[in-house]
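Undergrad: So the sequence shown is numbered by the working numbering: it starts at 124 and just counts up by one. Cβ atoms here follow ideal geometry from the backbone N, Cα and C, with glycine treated the same way. Treat the numbers as computed from the prediction; the structure is a model and nothing was measured.
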Amino acid sequence: MTTLALFGAGGHGKVVADAALLAGWKSVIFFDDAWPHIQMNGHWPVAGNMTALLARLNEFDGVLVSIGHCAVRWQKQQALQTAGAKLATVVHPRACVSPYARLGAGTVVMAGAVVNVDTEIGAACIVNTGATVDHDCRLAHGVHICPGAHLSGNVIVGACSWVGVGAAVRQGIHIGIGVTVGAGAVAVKQIPDGLTVVGNPAAPLVKA
Ligand SMILES: CC(=O)SCCNC(=O)CCNC(=O)[C@H](O)C(C)(C)COP(=O)(O)OP(=O)(O)OC[C@H]1O[C@@H](n2cnc3c(N)ncnc32)[C@H](O)[C@@H]1OP(=O)(O)O
124 MTTLALFGAG GHGKVVADAA LLAGWKSVIF FDDAWPHIQM NGHWPVAGNM
174 TALLARLNEF DGVLVSIGHC AVRWQKQQAL QTAGAKLATV VHPRACVSPY
224 ARLGAGTVVM AGAVVNVDTE IGAACIVNTG ATVDHDCRLA HGVHICPGAH
274 LSGNVIVGAC SWVGVGAAVR QGIHIGIGVT VGAGAVAVKQ IPDGLTVVGN
324 PAAPLVKA
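If you want it as structure tokens, here you go:
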């Protein structure tokens with residue numbers, strides 16, 4: 124593990140870079156379509172845009188999309204995979220991932236997170252700081268479990284869904300595709316595709 128290329132030079136990217144270095148990568152380099160307007164992302168250089176990254180893929184031992192937005196992260200990862208990128212998975216050394224759990228390509232597990240036995244996490248997912256995903260959960264690709272959110276056992280989460288900071292999900296609940304579970308929500312029933320839910324118990328967000 125020498126150089127990891129990260130596409131997405133924002134705050135989430137910095138957290139991924141930090142975790143990757145602690146996990147044993149020797150160096151990190153960013154790419155972002157905001158280049159050349161941004162040249163640094165915190166402590167790390169931004170070396171070019173997606174075109175530049177695609178042209179340099181064979182220089183890197185691993186590539187990972189470090190964009191928080193679920194659908195965008197998944198779309199960029201697919202483009203890189205099609206181009207032959209070696210997709211990395213990053214697990215912070217202070218995360219606790221069961222040896223019986225499975226993590227997909229391009230997935231990151233941050234500090235203090237727990238992924239319990241027999242859980243399957245798809246590609247391009249984020250299990251963010253201090254989040255927990257308990258036993259026998261199934262997360263499809265592009266899911267983000269935000270900091271401090273908790274999934275009980277046997278929860279299913281559809282592709283590109285976003286479980287907000289501090290949310291809690293009852294055991295056995297099925298969260299659909301492209302769902303947003305708002306910050307601090309408590310999900311106790313199935314959530315259909317595309318819905319945004321908030322509150323305790325979680326209910327569809329109705330805007331005035
Ligand atoms: C490391 C990181 O930073 S990872 C990122 C972590 N961030 C998160 O988890 C954020 C999750 N996002 C949220 O909770 C958002 O508020 C959303 C997606 C639920 C709604 O966002 P928006 O569509 O922009 O809604 P908006 O802010 O306009 O609020 C609309 C109404 O819903 C209410 N509302 C918004 N979010 C919530 C919530 N989580 N719980 C309860 N009520 C809420 C607002 O108070 C507002 O009510 P009002 O109309 O009576 O004033």
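1) If we count the other Cβ atoms within 10 Å of its Cβ and call it buried at 16 or more, is GLN200 buried or exposed?
2) From SER221 to VAL238, what distance separates their C-alpha atoms?
3) For THR205 and ALA175, I'd like the C-alpha separation in whole angstroms.
4) If I measure Cβ to Cβ from GLY271 and keep anything under 7 angstroms in the same chain, skipping five residues before and after, which residues do I get?
5) Our contact map puts ILE314 next to VAL320 with C-beta atoms below 8 angstroms; I'd like the distance itself, whole angstroms only.
6) Check whether the Cβ of THR255 lies closer than 7 angstroms to any heavy atom of ligand 1, and answer yes or no.
7) How would you call ASN323, buried or exposed, if buried means at least 16 neighbouring beta carbons within 10 angstroms?
8) Any heavy atom of ligand 1 closer than 7 angstroms to the Cβ of GLY317?
9) Within 7 angstroms: the Cβ of ALA234 and any heavy atom of ligand 1?
10) Along the chain, where does the beta strand (DSSP E) containing THR126 start, and where does it finish?
11) Would the beta-carbon of LEU145 be found less than 7 angstroms away from any heavy atom of ligand 2?
12) What's the gap between the Cα of VAL214 and the Cα of ALA202?
13) What residue range does the beta strand (DSSP E) around THR205 cover?
14) DSSP on HIS135, reduced to helix/strand/coil?
15) Starting from THR174 and walking both ways along the alpha helix (DSSP H), at which residues does that stretch end?
16) Exposed or buried, what is MET233 when buried is set at 16 or more other beta-carbons lying within 10 Å of its beta-carbon?
17) My understanding is that THR126 touches ILE152, with C-beta atoms under 8 angstroms, so please give their C-beta distance in whole angstroms.
18) Taking only three categories from DSSP, how would you classify LEU187?
19) Below 7 angstroms CB to CB, which residues in the same chain sit around ALA146 once its five sequence neighbours on both sides are set aside?
20) So, with DSSP's three-state summary, where would you put ASN277?
21) By Cβ distance below 7 angstroms, which residues in the same chain neighbour ALA349 in space, the five residues on each side in sequence not counted?
22) Report the option in GLU182, ILE298 and ALA142 whose CA atom is closest to the CA atom of GLY207.
TA: Let me lay it out:
1) If you number the sequence shown from 1, residue 200 lands on position 77. With 16 or more Cβ atoms within 10 Å of its Cβ, GLN200 is classed as buried.
2) Translated into the one-based positions of the sequence shown, residue 221 becomes position 98. Translated into the one-based positions of the sequence shown, residue 238 becomes position 115. The alpha-carbon atoms of SER221 and VAL238 are separated by roughly 6 angstroms.
3) As a working mapping, residue 205 is identified with position 82 in the sequence shown. As a working mapping, residue 175 is identified with position 52 in the sequence shown. Near 16 angstroms, if we compare the C-alpha coordinates of ALA175 and THR205.
4) Locating residue 271 in the sequence shown gives position 148, where the first residue counts as 1. Counting only Cβ-Cβ distances below 7 angstroms, and skipping sequence neighbours, we find GLY253, ALA254, VAL288 and GLY289.
5) The residue given as residue 314 occupies position 191 in the sequence shown. The residue given as residue 320 occupies position 197 in the sequence shown. Contact flag correct, Cβ pair sits at about 6 angstroms.
6) Sequence index remark: in the sequence shown, residue 255 carries index 132 (1-based). No - ligand 1 has no heavy atom lying nearer than 7 angstroms to the Cβ of THR255.
7) Taking the sequence shown and counting its residues from 1, the one referred to as residue 323 is at position 200. By the Cβ-count criterion, ASN323 is exposed, with fewer than 16 other Cβ atoms from all chains shown falling within 10 Å of its own Cβ.
8) Locating residue 317 in the sequence shown gives position 194, where the first residue counts as 1. For ligand 1, not one heavy atom lies less than 7 angstroms from the Cβ of GLY317.
9) What you label residue 234 is simply residue 111 of the sequence shown in a count that begins at 1. At a cut-off of 7 angstroms, the beta-carbon of ALA234 does not count as near ligand 1: no heavy atom of the ligand is closer than that.
10) To locate residue 126, count along the sequence shown from 1; it is residue 3. DSSP places THR126 in the uninterrupted beta strand (DSSP E) bounded by 126-130.
11) No copy of ligand 2 occurs in the structure displayed; its ligands are ligand 1 alone.
12) Locating residue 214 in the sequence shown gives position 91, counting from the first residue. Locating residue 202 in the sequence shown gives position 79, counting from the first residue. C-alpha of VAL214 to C-alpha of ALA202: approximately 23 angstroms in a straight line.
13) Taking the first residue of the sequence shown as 1, we reach residue 205 at position 82. From DSSP, THR205 is part of no beta strand (DSSP E) but of the alpha helix (DSSP H) over 193-205.
14) Start at 1 with the first residue of the sequence shown, and residue 135 comes out as number 12. In the structure shown, the three-state DSSP call for HIS135 is helix.
15) As a working mapping, residue 174 is identified with position 51 in the sequence shown. Where THR174 is concerned, the enclosing alpha helix (DSSP H) stretches over 173-178.
16) Taking the sequence shown and counting its residues from 1, one reaches residue 233 at position 110. Classification for MET233: buried.
17) On the sequence shown, position 3 is the one that residue 126 refers to. On the sequence shown, position 29 is the one that residue 152 refers to. Going by Cβ atoms, the distance from THR126 to ILE152 rounds to 6 angstroms, so yes, they are a contact pair.
18) Here residue 187 refers to the residue found at position 64 of the sequence shown. Assignment of LEU187 by DSSP, reduced to helix, strand and coil, places it in the strand class.
19) Start at 1 with the first residue of the sequence shown, and residue 146 comes out as number 23. Around ALA146, the same chain offers VAL213, VAL214, HIS215 and PRO216 as residues with beta carbons nearer than 7 angstroms, after the five sequence neighbours per side are excluded.
20) As a first step, residue 277 must be located in the sequence shown, where it is residue number 154. Residue state, collapsed to three classes: coil.
21) The question about residue 349 has no answer here: the residues shown for the chain are numbered 124 through 331.
22) Indexing the sequence shown from 1 puts residue 207 at position 84. Comparing Cα positions, the closest option is GLU182.
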